[in-house]
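Okay, structure first, notes after.
2 protein chains.
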Amino acid sequence: MFTINENYLKLPGSYLFSNIAKKVAAYQEQHPEKEIIRLGIGDVTQPLAPAIITALHKAVDEMGNAETFHGYAPDLGYEFLRKAIAENDFKARGCQVEADEIFVSDGAKCDSGNIQEILGLDNKIAVCDPVYPVYVDTNVMAGRTGAYNKERENFDGVIYMPCTAENQFVPEFPEEVPDVIYLCFPNNPTGAAATKEQLQGWVDYANKNGALIIFDAAYEAYITQKELPHSIYECDGARTCAIELRSFSKNAGFTGVRLGYTVVPKDLKCGEVSLHSLWARRHGTKYNGAPYIVQRAGEAVYSPEGKAQLAEQVNYYLKNAHTILEGLANAGYTVSGGVNAPYVWLKTPGNMSSWEFFDTLLSEAGVVGTPGSGFGACGEGYFRLSAFGSYENTIKAIERITKM
Amino acid sequence: MFTINENYLKLPGSYLFSNIAKKVAAYQEQHPEKEIIRLGIGDVTQPLAPAIITALHKAVDEMGNAETFHGYAPDLGYEFLRKAIAENDFKARGCQVEADEIFVSDGAKCDSGNIQEILGLDNKIAVCDPVYPVYVDTNVMAGRTGAYNKERENFDGVIYMPCTAENQFVPEFPEEVPDVIYLCFPNNPTGAAATKEQLQGWVDYANKNGALIIFDAAYEAYITQKELPHSIYECDGARTCAIELRSFSKNAGFTGVRLGYTVVPKDLKCGEVSLHSLWARRHGTKYNGAPYIVQRAGEAVYSPEGKAQLAEQVNYYLKNAHTILEGLANAGYTVSGGVNAPYVWLKTPGNMSSWEFFDTLLSEAGVVGTPGSGFGACGEGYFRLSAFGSYENTIKAIERITKM
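As they're listed, the protein sequences go chains A and B. Under this note's numbering, think of the first position of the first sequence as 67, with each following residue one higher. Under this note's numbering, think of the first position of the second sequence as 67, with each following residue one higher.
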């Protein structure tokens with residue numbers, strides 16, 4: 067008689083963004099006349115840049131010809147892409163990351179969910195609170211946590227590190243020493259960025275305590291302050307304690323194209339065992355590579371035209387972020403983020419709960435955002451707005467919100 | 067202090083096909099003048115069909131335009147694709163499978179590796195021997211097996227069901243009743259196909275014993291005998307005991323495009339818990355959808371032009387299979403498969419081991435195949451040749467082998 071993975075039953079409700087989608091669909095069905103502006107899920111709206119489109123067409127043509135057809139991709143990803151990544155994302159910033167330490171994938175969501183599979187079930191994980199739900203949910207599914215605690219609104223057996231206005235949304239070292247630490251800077255959902263000093267502090271802490279850092283740098287393209295680190299490998303010693311996750315979703319608008327990568331340095335070991343070899347085994351056994359045409363699109367991100375066009379695209383979204391930040395601040399909201407990140411984090415007015423504010427915003431302004439409490443207990447009373455809408459919609463949304 | 071998933075250390079060596087790739091690369095480096103014909107990994111060689119290429123270009127253009135741009139895909143996959151699948155792959159064959167029971171993915175390898183995650187660790191799995199390595203390896207990684215037994219050359223705690231010449235490579239029910247049964251027909255690696263009666267027997271067995279069948283139908287397009295089942299849902303009662311995995315890799319040449327899907331019927335339950343809801347949770351949390359352009363390519367597989375072109379492509383490979391089968395039989399080899407499958411399974415001559423034959427074939431004929439023992443202990447003394455090469459290369463390979 068077969069049994070199911072009972073850990074799944076610990077998860078309350080469904081995935082946050084699926085929940086929101088269902089709520090919005092239900093509202094739209096009841097009010098078909100209302101025009102809804104979606105600043106919720108963090109999905110991009112600008113079309114792919116011309117350099118990407120050209121690369122995709124070219125690769126599609128290659129696939130239509132026996133001489134240039136590509137079947138299964140190499141396990142780690144095509145070398146043309148891994149070399150471009152190593153050169154542009156790391157060596158150009160003074161980081162030592164080699165092409166064969168890069169594992170190309172179909173996105174940072176998958177990688178951030180899958181990476182825990184190579185770790186023991188006895189590891190105690192630490193996450194920021196609020197936090198991107200995938201880190202915790204996938205550890206729950208694997209059985210690395212206790213039950214859901216209804217009072218605290220989080221899981222037993224997980225170390226939550228509060229990110230609050232008091233610490234400017236960058237966590238302090240927890241009292242209990244964790245085994246695995248998930249960090250994301252620029253942060254989703256708060257939009258906070260870590261300084262080089264703060265990040266170096268975490269690297270030193272991890273090396274001292276034998277902890278592993280899983281560093282999610284999906285939003286690094288939005289950093290505007292020059293002194294801030296884009297990669298954890300800008301810190302001394304990160305190669306012996308950190309894995310870094312990267313995405314093409316936000317810097318190149320690939321949410322519907324699907325491309326990302328994970329860096330596992332060869333110096334990263336647990337005793338004698340190399341984490342690089344474990345991830346290679348996982349990658350080779352449970353994954354079959356990103357599509358050839360998509361990897362060629364990824365390569366175009368690093369071409370001179372691609373870089374110029376994507377810098378413009380990122381600036382477009384940063385202008386939205388600025389519009390949200392300034393508009394809400396002028397309307398009296400307490401806001402943060404939005405300077406080095408595409409997300410603005412706002413305090414709900416009048417002590418409203420996050421979901422109350424979600425419902426109010428949807429019904430009164432026709433704007434969809436993400437309830438802070440969906441990201442963790444410390445997110446209660448906060449709300450995330452995304453800068454990934456169109457400029458016109460962003461302006462309109464802020465006008466509607468400020469009139470509320 | 068963080069720990070690793072020690073189960074990974076049970077796996078001997080690396081993934082079979084990574085191993086072969088390394089061996090071939092080393093040989094080619096030593097003998098740069100030799101022309102090697104690859105009939106090993108099962109990768110296709112024919113270019114994408116014109117209907118697919120047209121669909122890809124059109125979708126790429128949509129992605130370059132703000133009005134038709136597509137970001138994150140719906141969790142289960144786009145409805146246009148799921149509807150086409152339900153209609154063509156199931157309803158047209160009289161199977162009851164609805165569009166919302168279909169989960170679009172980036173391939174059957176990933177799905178066949180990931181599906182075990184929703185199951186308890188206490189399940190005892192049964193696999194054919196020989197078998198596609200992913201089923202066992204991913205269960206080893208998850209901790210659902212014992213250690214590797216060097217004498218038996220397989221894992222403790224797994225029920226291996228011998229597929230031999232005696233049972234025409236279709237297994238009998240095992241002595242010990244398993245909880246989860248992996249079946250693949252037409253079979254990889256043996257090329258054997260199950261009759262409707264045999265498959266119905268397995269469905270009845272599973273329903274009687276509360277077992278779950280994971281049915282891999284990646285090769286159904288190669289069935290030439292009309293009476294053979296293409297889907298397990300052609301059997302009565304399969305909706306309460308079986309999950310089916312499908313791939314676009316072999317019927318449409320998508321090995322480098324990446325598309326597949328999994329069917330989880332809503333009637334499939336463990337007690338009160340619906341496996342559909344568990345897989346939806348896994349899909350929504352650890353996966354972010356197949357690329358929009360790839361899903362449009364998948365849709366084109368079901369267009370009238372797509373169907374006609376792909377039937378031709380499948381026939382091309384079936385002609386190769388026939389060439390291998392006939393050529394080797396005439397040369398005195400004992401062969402099977404190749405009629406309803408793109409794989410020919412041959413007995414190595416003169417009691418050679420599978421790897422001995424691999425080395426001989428590589429050095430004497432410059433042909434790469436797959437050692438049967440790489441698929442399991444009962445594969446020892448056997449060898450798999452793939453029909454996915456070009457016709458010219460297939461002819462040449464058979465000429466070289468018969469001259470050996």
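Glycine residues also receive a C-beta, built at the ideal position from the N, C-alpha and C atoms. Computed from a prediction, not measured in an experiment: that's the story for all the values here.
Item to check | Interface flag, A:T245 vs chain B, CB-CB below 8 Å | outcome: As a position in the first sequence, residue 245 of chain A is number 179, starting the count at 1. Reading off the sequence shown, one finds Asp at residue 245 of chain A, where the question assumed Thr. Yes, its Cβ sits closer than 8 Å to a Cβ of chain B.
Checklist entry - Are A:C194 and A:S297 touching if we call contact CB-CB under 8 Å? => result Along the first sequence, one-based indexing puts residue 194 of chain A at 128. Along the first sequence, one-based indexing puts residue 297 of chain A at 231. The answer is no: Cβ separation not under 8 Å.
Checklist entry - Under the rule that 16 or more other beta-carbon atoms within 10 Å means buried, what is B:Q96, buried or exposed? => result Here residue 96 of chain B refers to the residue found at position 30 of the second sequence. The residue is exposed, with fewer than 16 neighbouring Cβ atoms inside 10 Å.
Item to check | Cα-Cα separation, B:A158 to B:A152 | outcome: For the purposes of this step, residue 158 of chain B is identified with residue 92 of the second sequence, where counting begins at 1. For the purposes of this step, residue 152 of chain B is identified with residue 86 of the second sequence, where counting begins at 1. Taking the straight line joining both Cα atoms gives about 8 Å.
Next on the checklist: For a test of the three-state rule: what should DSSP assign to B:Y74, helix, strand or coil?
Outcome noted: As a first step, residue 74 of chain B is located in the second sequence; it is residue number 8 there, counting from the start. Here B:Y74 sits in helix by DSSP.
Next on the checklist: Please report whether the beta-carbon of A:H342 lies at a distance below 8 Å from any beta-carbon of chain B.
Outcome noted: Residue numbering aside, residue 342 of chain A sits at position 276 when the first sequence is read from its first letter. Not closer than 8 Å to any Cβ of chain B, the Cβ of A:H342 fails to qualify, so no.
Next on the checklist: When you compare the stretch 346-363 of chain A with the stretch 169-182 of chain B, are there three or more beta-carbon pairs, one atom per stretch, that lie closer than 8 Å?
Outcome noted: yes
Item to check | C-beta neighbour in chain A for B:Y288, strict 8 Å | outcome: Walking along the second sequence from the start, residue 288 of chain B turns up at place 222. For B:Y288, the answer is no, since every Cβ of chain A falls outside 8 Å of its Cβ.
Next on the checklist: Three or more C-beta pairs under 8 Å: does that hold for the stretch 406-420 of chain B against the stretch 237-245 of chain B?
Outcome noted: no
Checklist entry - Near B:A395, which residues of its chain fall below 7 Å by C-beta distance, leaving aside the five closest residues on each side in sequence? => result Translated into positions along the second sequence, residue 395 of chain B becomes position 329. The residues are V401.
Checklist entry - Residues of chain B with CB under 8 Å from A:A132, in chain order? => result As a working mapping, residue 132 of chain A is identified with position 66 in the first sequence. Ordered by position in chain B, the residues that pass the 8 Å Cβ test against A:A132 are T111, Q112, P113, S456.
Next on the checklist: Whole angstroms are fine: how far does the CA of A:V200 sit from the CA of A:A192?
Outcome noted: Here the question's residue 192 of chain A lines up with position 126 in the first sequence. Here the question's residue 200 of chain A lines up with position 134 in the first sequence. So the two alpha carbons sit approximately 13 Å from each other.
Next on the checklist: Quick check: what's the CA-CA separation for A:K471 versus A:Y285?
Outcome noted: Since the first residue shown for chain A is 67 and the last is 470, residue 471 of chain A is missing from the structure and cannot be characterised.
Checklist entry - Is it true that the CB of B:A283 sits closer than 8 Å to the CB of B:L311? => result The count along the second sequence starts at 1 and reaches residue 311 of chain B at position 245. The count along the second sequence starts at 1 and reaches residue 283 of chain B at position 217. In this structure, B:A283 lies closer than 8 Å to B:L311 by Cβ.
Next on the checklist: List, in chain order, every chain A residue whose beta-carbon is nearer than 8 Å to that of B:G107.
Outcome noted: Indexing the second sequence from 1 puts residue 107 of chain B at position 41. Before going further, note that residue 107 of chain B is Ile rather than Gly in the sequence given. Chain A residues near B:I107: Y138.
Checklist entry - So, using beta-carbon positions, are A:P228 and A:R450 closer together than 8 Å? => result Position 162 of the first sequence, counting from 1, holds the residue named residue 228 of chain A. Position 384 of the first sequence, counting from 1, holds the residue named residue 450 of chain A. Contact flag unset, no.
Next on the checklist: On the DSSP letters alone, give me the boundaries of the alpha helix (DSSP H) that A:F423 sits inside.
Outcome noted: Along the first sequence, read from residue 1 onward, the residue named residue 423 of chain A stands at position 357. Here the alpha helix (DSSP H) through A:F423 covers 420-426.
Checklist entry - Given a threshold of 16 other Cβ atoms within 10 Å of its Cβ, counted over all protein chains shown, does B:M129 qualify as buried or as exposed? => result Here residue 129 of chain B corresponds to residue number 63 of the second sequence, with the count starting at 1. When all chains shown are included, B:M129 counts as buried.
Checklist entry - Is the Cβ of A:R347 closer than 8 Å to any Cβ of chain B? => result Residue mapping note: residue 347 of chain A aligns to position 281 of the first sequence, counting from 1. So yes, A:R347 belongs to the interface.
Item to check | C-beta contact flag for A:P244 and A:K332 at 8 Å | outcome: Taking the first sequence and counting its residues from 1, the one referred to as residue 244 of chain A is at position 178. Taking the first sequence and counting its residues from 1, the one referred to as residue 332 of chain A is at position 266. Result no, Cβ atoms of A:P244 and A:K332 do not sit closer than 8 Å.
Next on the checklist: Assuming contact is defined by CB atoms lying nearer than 8 Å, are B:A463 and B:A443 in contact in what I supplied?
Outcome noted: As a working note, residue 463 of chain B is residue 397 in the second sequence. As a working note, residue 443 of chain B is residue 377 in the second sequence. Their beta carbons are not under 8 Å apart, which means B:A463 does not touch B:A443 by this criterion.
Item to check | Sequence ranges, beta strand (DSSP E) only - wholly within the stretch 329-383 of chain A, length at least 3 | outcome: none
Item to check | Identity of the residues DSSP links to B:S402 by a beta bridge | outcome: Here residue 402 of chain B corresponds to residue number 336 of the second sequence, with the count starting at 1. Answer is B:W411, bridged to B:S402.
Item to check | Exposure of A:D155, with buried meaning 16 or more beta-carbon neighbours within 10 Å | outcome: Within the first sequence, the letter at position 89 stands for residue 155 of chain A. Buried, by the Cβ-count rule.
Checklist entry - Nearest-angstrom Cα distance between A:L249 and A:G108? => result Here residue 249 of chain A refers to the residue found at position 183 when the first sequence is read from its first residue. Here residue 108 of chain A refers to the residue found at position 42 when the first sequence is read from its first residue. Each residue's Cα considered, the two are about 19 Å apart.
Next on the checklist: Using the three-state DSSP reduction, which class does B:G326 fall into: helix, strand or coil?
Outcome noted: Walking along the second sequence from the start, residue 326 of chain B turns up at place 260. It is a strand residue.
Item to check | DSSP state of B:P199 mapped onto helix, strand, coil | outcome: Within the second sequence, numbered from 1, the residue matching residue 199 of chain B stands at position 133. Three-state result, B:P199: helix.
Item to check | Contact residues within the stretch 315-331 of chain A, judged by C-beta distance below 7 Å to chain B | outcome: T321, G322, V323, R324
Checklist entry - Under three-state DSSP, which class holds A:Y228? => result Taking the first sequence and counting its residues from 1, the one referred to as residue 228 of chain A is at position 162. A small fix is needed here, since residue 228 of chain A is Pro in this sequence, not Tyr. In this structure, A:P228 counts as strand in the three-state DSSP scheme.
Item to check | Positions along the stretch 169-201 of chain B whose CB lies within less than 7 Å of some CB in chain A | outcome: D172, G173, K175, C176, G179, N180, E183, I184, L185, G186, D188, N189, V200
Next on the checklist: Are the CB atoms of A:G322 and B:Y327 within a distance shorter than 8 Å?
Outcome noted: The residue given as residue 327 of chain B occupies position 261 in the second sequence. The residue given as residue 322 of chain A occupies position 256 in the first sequence. Not in contact: B:Y327 and A:G322 (Cβ atoms no closer than 8 Å).
Checklist entry - Thinking C-beta only, is A:V329 closer than 8 Å to A:I168? => result Here residue 168 of chain A corresponds to residue number 102 of the first sequence, with the count starting at 1. Here residue 329 of chain A corresponds to residue number 263 of the first sequence, with the count starting at 1. Contact: yes.
Next on the checklist: Count Cβ pairs between the stretch 116-132 of chain B and the stretch 114-128 of chain A that sit closer than 8 Å; are there 3 or more?
Outcome noted: yes
Next on the checklist: Taking its Cβ as the centre, do 16 or more other Cβ atoms sit within 10 Å of A:T306, making it buried, or is it exposed?
Outcome noted: As a working mapping, residue 306 of chain A is identified with position 240 in the first sequence. By the neighbour-count rule (16 or more Cβ atoms within 10 Å), A:T306 is not buried but exposed.
Next on the checklist: Just to make sure I have the definition right: I need the residues of chain B whose C-beta is within less than 7 Å of the C-beta of A:P240. Which are they?
Outcome noted: Sequence index remark: in the first sequence, residue 240 of chain A carries index 174 (1-based). The premise fails here: A:P240 is roughly 15 Å from chain B at the closest Cβ pair, so nothing lies under 7 Å.
Item to check | N-terminal and C-terminal residue of the beta strand (DSSP E) that A:R312 is part of | outcome: Mapped onto the first sequence, residue 312 of chain A falls at position 246. Per DSSP, A:R312 belongs to the beta strand (DSSP E) from 308-313.
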